[in-house]
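Novice: Counting in UniProt numbering, the sequence shown runs from 1 upward without gaps.
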Amino acid sequence: MWLSAEETTIFDNALVTMEHLYKTGVVHIRLRHLLDEKSDLEIDYSNNKNQDTTMNRANSNREDEQEANNNQDDTDEEYDDDDDNEEELFKDNVKYTLTKADIDDHKRQLTFCQVDLQEDMIDKKILLDEQLKLFKLIDEIFSLFIKLEMIGHPNYQLRDRHFKIYPRNNKIETILLNVRNDQDKYKAQLLNVVQSRRKKFDEVFQTLKIDYDTWANGRKKWEKKSQLLKLFSNRQVMIMIILLTTTTTKNQVKLQFINKWYSLKDTNNRNSNESIFNLSVHFLANYLRSLRMNDTDIDEEKIISLYKKYEIPQGASVDTYLGQLYHFLQELFPDAREPPKNRTTIESHQYIISLNPAGQTSKLFETVFDIETWCTLLNLFYDQLPSSNQIIWCMKTTEDDIKLFYSRIRTFCNLTFVVMDVDRMHPRLRELLLHEQETLKQRRKPHGTVYYFSRELTSSRRGLRLFPVATAGRDVNRIKSNLVKLFEKAKCPQPKIEIICGKAGI
Numbered sequence: 001m002w003l004s005a006e007e008t009t010i011f012d013n014a015l016v017t018m019e020h021l022y023k024t025g026v027v028h029i030r031l032r033h034l035l036d037e038k039s040d041l042e043i044d045y046s047n048n049k050n051q052d053t054t055m056n057r058a059n060s061n062r063e064d065e066q067e068a069n070n071n072q073d074d075t076d077e078e079y080d081d082d083d084d085n086e087e088e089l090f091k092d093n094v095k096y097t098l099t100k101a102d103i104d105d106h107k108r109q110l111t112f113c114q115v116d117l118q119e120d121m122i123d124k125k126i127l128l129d130e131q132l133k134l135f136k137l138i139d140e141i142f143s144l145f146i147k148l149e150m151i152g153h154p155n156y157q158l159r160d161r162h163f164k165i166y167p168r169n170n171k172i173e174t175i176l177l178n179v180r181n182d183q184d185k186y187k188a189q190l191l192n193v194v195q196s197r198r199k200k201f202d203e204v205f206q207t208l209k210i211d212y213d214t215w216a217n218g219r220k221k222w223e224k225k226s227q228l229l230k231l232f233s234n235r236q237v238m239i240m241i242i243l244l245t246t247t248t249t250k251n252q253v254k255l256q257f258i259n260k261w262y263s264l265k266d267t268n269n270r271n272s273n274e275s276i277f278n279l280s281v282h283f284l285a286n287y288l289r290s291l292r293m294n295d296t297d298i299d300e301e302k303i304i305s306l307y308k309k310y311e312i313p314q315g316a317s318v319d320t321y322l323g324q325l326y327h328f329l330q331e332l333f334p335d336a337r338e339p340p341k342n343r344t345t346i347e348s349h350q351y352i353i354s355l356n357p358a359g360q361t362s363k364l365f366e367t368v369f370d371i372e373t374w375c376t377l378l379n380l381f382y383d384q385l386p387s388s389n390q391i392i393w394c395m396k397t398t399e400d401d402i403k404l405f406y407s408r409i410r411t412f413c414n415l416t417f418v419v420m421d422v423d424r425m426h427p428r429l430r431e432l433l434l435h436e437q438e439t440l441k442q443r444r445k446p447h448g449t450v451y452y453f454s455r456e457l458t459s460s461r462r463g464l465r466l467f468p469v470a471t472a473g474r475d476v477n478r479i480k481s482n483l484v485k486l487f488e489k490a491k492c493p494q495p496k497i498e499i500i501c502g503k504a505g506i
């Protein structure tokens, strides 16, 4: 073999790890985005270094006789959050964990191993080819979990999901012993077992895909009935649904979410149904006030009444989740069922606000959101407090967020919208955003006014006009005075910000 000693060690380790993953591997997916934490993917496996191989050989004949029957009885639960069987089965083993980065390294090593496998290593060839396919599928499954989490599906929040790579009764260990003695006889059996595991993961993938499409289509359906839903991000819709679900101490998703953001003085009642209910109402009221609908009184007593009327049972269907929220919002905002359309002209109102060149800003404080930008932004909303649904922060946005944002622009033609951080967004998402901007330019119907804050975009881009910012629009004292008046008008408590230090110290 032409490999160096170091490369040979990597080669051997990759193949050994590959086998252990098929013998003891378990995939763990943890969803934590709801708590502003990172969701992750890990794979655990173990190795019994003191394993008595002669015992395996002694048992192989008996297990072999059961193989034909067991092949069709591989029905272990894939979504087995409460299953501790594998912990008992491998309790004496040395345990290892592959992080997402380790998994990627292992896949690369297996890819290189494909070239160097000897022709007579039939069992290794089968395992290697199938494991590469399996890992590609696991990546797709994890990606779909993240998409379901980010799109706001309530059933995919704060979930821990576990999927076994190894087959039932650990059959693969026996088959591997046999296939090395008689390849022709047992290689088909080995292939059948590893392919059956991949099929199990494919079933999981198809289920997730259906759930994603069902939720996305359900969201579109109810948005057509209530334009108000477009004013909320996927995350906000998800949180409102979670807050509207039945208040019990068994509702762990709701309980963890409440405990993350609120500290109760009376820790003895921290998890009581009454405390969770009261905090749910308070949190929900804050979300609804973010709409800045000054003509609607958002009273907590009214919310309590509607809350009890439209409470959502746990584990409800997509239609129930979105339908109950729809009816809740419709009754809370009876005069806001359709957005006002005062603008009659079809002229495209898209403006570029040029920021100072990056070279004029200290590298230590390099940011697009300095005090001048802050004042300019607030001046655009001079007669109102801006709402979160009117501003998109491109550095933290997703494809779904961009599409939803431009849907609002097309729907609420009387509102002002702002696009921030255009220059620092991901190239693929930037391309999507500029495509939406171009589509808006070609639109033959009225739409909301849009301002793009950028150093790189210019008025030479089709559909964009330079917006001249007057000196008064950057007057800090004037903007602050107006902001205080807006807080008083909206009866909102002012944020406790005493001093803004430095060019970029907001």
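Cβ atoms here follow ideal geometry from the backbone N, Cα and C, with glycine treated the same way. It should be emphasised that the depicted structure is a prediction, and the values quoted were computed from it without experimental measurement.
1. Could you tell me if D92 is buried or exposed, where buried requires 16 or more neighbouring beta carbons within 10 angstroms of its beta carbon?
2. Considering only residues of the same chain and omitting the five flanking positions on each side of E438, which have a CB-CB separation below 6 Å?
3. According to DSSP, simplified to helix, strand and coil, what is A14?
4. Measure the C-alpha to C-alpha separation of F487 and E431 and round it to an integer number of angstroms.
5. Only counting runs of 4 or more residues, tell me where the alpha helix (DSSP H) segments fall wholly within the segment 362 to 408, in order along the chain.
6. Taking C-beta to C-beta, are Y321 and P154 nearer than 9 Å?
7. Please identify the residue among T99, L466, S354, I138 whose C-alpha is closest to the C-alpha of K199.
8. Suppose you measure from the CA of Y22 to the CA of A14; what does that come to, to the nearest Å?
9. Since N47 is in the beta strand (DSSP E), which residue starts that stretch and which ends it?
10. Does DSSP classify H28 as helix, strand or coil?
11. Under a three-way DSSP split, which group does S454 fall into?
12. According to DSSP, simplified to helix, strand and coil, what is L355?
13. For the beta strand (DSSP E) that K164 lies in, which residues bound it at each end?
14. Give me the DSSP bridge partner(s) of L98.
15. Taking just the CA atoms, how far does R161 sit from V193?
16. Can you say whether W215 is buried or exposed, counting buried as having 16 or more other CB atoms within 10 angstroms of its CB?
17. In terms of residues, what are the limits of the beta strand (DSSP E) holding F417?
18. With DSSP run on the structure shown, which of helix, strand or coil describes R465?
19. Pick from E37, F417, N48, T207: whose alpha carbon is nearest that of E19?
20. Between which residues of its own chain and K147 is the CB-CB distance below 8 Å, once the five residues before and five after are set aside?
21. CA-CA distance, E130 and V27?
22. From the DSSP output, in three-state form, read off Q314 for me.
23. Please state whether DSSP places T247 in a helix, a strand or coil.
24. With DSSP as the reference, identify every bridge partner of T449, one or two as the case may be.
25. Would you list the residues sitting across from Q350 in a DSSP beta bridge?
26. With DSSP run on the structure shown, which of helix, strand or coil describes E37?
27. Give me the Cβ distance between L329 and S226, rounded to the nearest whole Å; I'm assuming they're in contact under 8 Å.
28. Taking Cβ to Cβ, would you say T411 is nearer than 9 Å to K230?
29. Would DSSP call M150 helix, strand or coil?
30. Measuring alpha carbon to alpha carbon, tell me which residue in Y186, F142, R159, L325 is nearest K171.
31. For a quick check, are the C-beta atoms of L31 and I242 less than 9 Å apart?
32. Taking the alpha carbon of R444 as the point to measure from, which residue in P427, R428, S454, G463 has its own alpha carbon closest?
33. Give every residue of the same chain whose Cβ lies closer than 6 Å to the Cβ of L41, excluding the five residues on either side of it in the sequence, and list them in chain order.
34. Let me make sure I understand the geometry here. Which of W374, Q252, K302, Q350 has the alpha-carbon closest to that of S314?
35. Inspect the beta-carbon positions of L208 and F145 and report whether they are closer than 9 Å.
Specialist: Taking the geometry as given:
1. In the sequence shown, the residue the question calls residue 92 occupies position 92. Flag for D92 reads exposed.
2. Residue numbering aside, residue 438 sits at position 438 when the sequence shown is read from its first letter. Nothing listed; no residue qualifies.
3. In the sequence shown, the residue the question calls residue 14 occupies position 14. Correct three-state label for A14: helix.
4. In the sequence shown, residue 487 corresponds to position 487, counting from 1. In the sequence shown, residue 431 corresponds to position 431, counting from 1. For F487 and E431, the distance between alpha carbons rounds to 37 Å.
5. 371 to 380
6. As a position in the sequence shown, residue 321 is number 321, starting the count at 1. As a position in the sequence shown, residue 154 is number 154, starting the count at 1. Yes, they are a contact pair.
7. Position 199 of the sequence shown, counted from the start, is the residue given in the question as residue 199. Residue I138 is the option with its Cα nearest to K199.
8. On the sequence shown, residue 22 is found 22 positions in, with the first residue counted as 1. On the sequence shown, residue 14 is found 14 positions in, with the first residue counted as 1. The straight-line gap from Cα to Cα measures roughly 13 Å.
9. Taking the sequence shown and counting its residues from 1, the one referred to as residue 47 is at position 47. First-last of the beta strand (DSSP E) with N47: 40 to 47.
10. Position 28 of the sequence shown, counted from the first residue, corresponds to residue 28. H28: strand per DSSP, three-state reduction.
11. On the sequence shown, position 454 is the one that residue 454 refers to. Here S454 sits in strand by DSSP.
12. In the sequence shown, the residue the question calls residue 355 occupies position 355. L355: coil per DSSP, three-state reduction.
13. For the purposes of this step, residue 164 is taken as the residue at position 164 of the sequence shown. Note, K164: beta strand (DSSP E), 160 to 164.
14. Numbered from 1 along the sequence shown, position 98 holds the residue referred to as residue 98. Bridge partners of L98: I43.
15. The residue you call residue 193 lines up with position 193 of the sequence shown. The residue you call residue 161 lines up with position 161 of the sequence shown. Approximately 23 Å, taken between the alpha carbons.
16. By 1-based counting over the sequence shown, the position of residue 215 is 215. Classification of W215: buried, given that the 10 Å Cβ count is 16 or more.
17. By one-based count along the sequence shown, residue 417 stands at place 417. Where F417 is concerned, the enclosing beta strand (DSSP E) stretches over 416 to 420.
18. Your numbering for residue 465 matches position 465 in the sequence shown. DSSP places R465 in strand when its eight states are reduced to three.
19. Looking up residue 19 in the sequence shown gives position 19. For E19, the nearest C-alpha among the options comes from N48.
20. Here the question's residue 147 lines up with position 147 in the sequence shown. Once the five neighbours on either side are set aside, the close Cβ partners of K147 are Y212.
21. Mapped onto the sequence shown, residue 130 falls at position 130. Mapped onto the sequence shown, residue 27 falls at position 27. C-alpha separation (whole angstroms): 16 Å.
22. By one-based count along the sequence shown, residue 314 stands at place 314. Three-state result, Q314: coil.
23. As a working mapping, residue 247 is identified with position 247 in the sequence shown. Correct three-state label for T247: coil.
24. Here residue 449 refers to the residue found at position 449 of the sequence shown. Per DSSP, T416.
25. Residue mapping note: residue 350 aligns to position 350 of the sequence shown, counting from 1. According to DSSP, which records beta bridges pairwise, Q350 is partnered with V450.
26. Here residue 37 is taken as the residue at index 37 of the sequence shown, counted from 1. In the structure shown, E37 sits in coil (DSSP, three-state: anything other than H, G, I, E or B).
27. As a position in the sequence shown, residue 329 is number 329, starting the count at 1. As a position in the sequence shown, residue 226 is number 226, starting the count at 1. At roughly 6 Å, the Cβ-Cβ gap stays under 8 Å, so L329 and S226 are in contact.
28. On the sequence shown, residue 411 is found 411 positions in, with the first residue counted as 1. On the sequence shown, residue 230 is found 230 positions in, with the first residue counted as 1. In this structure, K230 lies closer than 9 Å to T411 by Cβ.
29. Residue 150 sits at position 150 when you count from the first residue of the sequence shown. In the structure shown, M150 sits in a helix (DSSP, three-state: H, G or I).
30. On the sequence shown, position 171 is the one that residue 171 refers to. Considering only alpha carbons, the answer is Y186.
31. Position 31 of the sequence shown, counted from the start, is the residue given in the question as residue 31. Position 242 of the sequence shown, counted from the start, is the residue given in the question as residue 242. Cβ atoms of L31 and I242: not closer than 9 Å.
32. Numbered from 1 along the sequence shown, position 444 holds the residue referred to as residue 444. When each option's Cα is compared against that of R444, the closest is G463.
33. Here residue 41 corresponds to residue number 41 of the sequence shown, with the count starting at 1. I29, K100, F142, listed in sequence order.
34. Looking up residue 314 in the sequence shown gives position 314. Checking the sequence, you will find Gln at residue 314 rather than Ser. Ranking W374, Q252, K302, Q350 by Cα distance to Q314 puts Q252 first.
35. Indexing the sequence shown from 1 puts residue 208 at position 208. Indexing the sequence shown from 1 puts residue 145 at position 145. Cβ atoms of L208 and F145: closer than 9 Å.
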